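Residue 329, in full-length UniProt numbering, is where the sequence shown stops; the numbers in between run on with no holes.
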Amino acid sequence: MQPEPEDLGGGLWSVPVPIPNNPLSYTLVYAVESSRGPVLIDAGWQHEDAWTALRDGLGTFGIDVADVYGVVVTHFHPDHAGLAGRVRETSGAWIAMHHSDAGIVRLFNEVGQGGRRSFELTALRRAGAAESDLTGPAQQTRVSPPAIPDRELSDGDLVDVPGRRLQAVWTPGHTPGHICLHLEDGDRIFTGDHVLPRITPHIGLYPYDTPDVDPLSDFLGSLDKVSAMTVGEVLPAHQHRFRGLGDRAREIIAHHEERLAEVAALLSSSPITLWDLTAGLTWRHPWDEMAQQARRMAAAEAAAHLRTLETRGVARRDGADDPLRYALR
C-alpha cells in the first residue's frame, strides 16, 4: 500500500510518487524547507500520474511546485531524476547531481536510445546466452533521458539550501555518482537507493567485462563510509524511514560477502560462462521464470561480483575469446 504524504517536522516533508508497473511501487520524494523556497530531494518517475502525485502531494502542505527552489538528485535513474526537468520547467528551479552521474546523463542525451536493443543482444551473446534465450521482447519500458543538471556536486559539498546545512556524501556503487545527503541541522540522512531498510540496490557491471571499474567494491566501501556516520533518522527513497544506519549498512555488506562466496563456489567447476554462472546462482524468482530483462540485470550483478573476486585475486577471466568465461585463480 502506498503511504500518504507526510509532514516529518523540522521543515521537512515526504511525498510518495508512483512508479508505473514496478514492484518498488513508489519513490519517496522529500522537500526541505529553505528561505528561498523548498528544495526537493529526487523528483520521481516521468509519468503523468507521477506528476499529479508530486504536485498534489506537495500541495497538501501548501507547497506550490512553482515555488520549488531546487532539485538535488541522488542518482540518475528514472525513478529519481525523471520529473526533475518538468519541475525546472514549472518553477525555474536548478537541478544538481554528482558530477559522475551528470556525465552519464549528458552521454544519454547525446546518443539517444538508437541501437540500444542491439547492444543488449550483443551483451547477452557475449555472456554465453543461447539464441533461444534472446527471443521475445526485452520487456523494458523505454524512458526519455533525464534532464541535464545545472549544477554538479562533489563529495562533501554543501547543497544550496539557504538557512540549512545539507551535505553531499558520495556513495558510488549503485551508480558511479550516487550521493547520500546529510541534513546536518536535522540529524537526518537521505540515502537514496544506497541503504534501504529491507532490500539491497542493484549493483551491476555494464558492459559485463568493462575494464578498470569495480562497482561492487565501490559499493562496499561506500557502505563502510556511511556506517561510520552518527545520524539519527535514515530517510531512503523506497520503503520506509528507519534508525540504525550502521547496523543496516553492515547487514548489506554481510549479504554481499555471502553472495561472493556463492559465486566463488560455482567457479570450482570452472571454467564457466557468465551466463551459466548466473543461472546457477540463487535469485528471488526461479531462473526459468525470469524475463529476459531480469536475466540481463542478473548477469550484470553476477559480473559485478566476479569483478570484485578478480580484484581480490580469487577469480580470473579464462581467455580473451567470447563467450566470457571465468575460473578460480
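Note that beta-carbon positions come from the ideal geometry of N, C-alpha and C, so glycine has one too. Please read all numbers here as calculations on a predicted model, not as lab measurements.
query, result
"Rounded separation between L274 and G177 - CA only", "26 Å"
"Residue range of the alpha helix (DSSP H) that includes E257", "245 to 266"
"Bounding residues of the alpha helix (DSSP H) (the contiguous stretch that carries T191)", "Counting along the chain, T191 falls outside any alpha helix (DSSP H), though it belongs to the beta strand (DSSP E) covering 188 to 192."
"Beta-carbon proximity of A50 to V73, cut-off 8 Å", "no"
"Bridge-paired residues (DSSP) for F242", "V234"
"H174 in three-state terms, based on DSSP", "coil"
"Residue interval of the beta strand (DSSP E) (run including V68)", "No beta strand (DSSP E) holds V68; DSSP gives it neither H nor E."
"Straight-line Cα distance separating G313 from R295", "27 Å"
"Inside the region 74 to 158 only - alpha helix (DSSP H) runs reaching at least 4 residues", "78 to 81, 84 to 91, 99 to 111, 116 to 127"
"Three-state class that DSSP yields for R216 in the structure shown", "First, the amino acid is wrong: residue 216 is Leu here, not Arg. In this structure, L216 counts as helix in the three-state DSSP scheme."
"CB contact flag (residue 336, H240, <8 Å)", "Nothing about residue 336 can be reported from this structure: the residues present for the chain run from 1 to 329 only."
"Exposed unless 16 or more other CB atoms sit within 10 angstroms - verdict on N222", "Sequence inspection shows Ser at residue 222; the Asn mentioned does not correspond to that position. By the neighbour-count rule (16 or more Cβ atoms within 10 Å), S222 is buried."
"Alpha helix (DSSP H) segment containing R295, residue limits", "292 to 311"
"Cut-off 7 Å between Cβ atoms - residues of its own chain near L196, not counting five sequence neighbours on either side", "P236, H238, Q239"
"Given L166 as reference, the closest of R329, L40, P18, E4 once Cα atoms are compared", "L40"
"Whole-angstrom C-beta distance between A327 and L266, which should lie under 8 Å", "At roughly 11 Å, the Cβ-Cβ gap does not stay under 8 Å, so L266 and A327 are not in contact."
"Residue burial classification, F190 (beta-carbon count within 10 angstroms, cutoff 16)", "buried"
"Burial state of D119 (16 or more Cβ within 10 Å)", "For clarity, residue 119 is Phe in the given sequence; the question names Asp instead. F119 should be labelled exposed."
"Assigned secondary structure, L28 (DSSP; H/G/I helix, E/B strand, else coil)", "strand"
"E6 versus V17: straight-line alpha-carbon distance, rounded", "12 Å"
"Limits of the unbroken alpha helix (DSSP H) element including R284", "Element bounds for R284: n/a, residue is neither H nor E."
"Span separating the alpha-carbon of L205 from that of G62", "43 Å"
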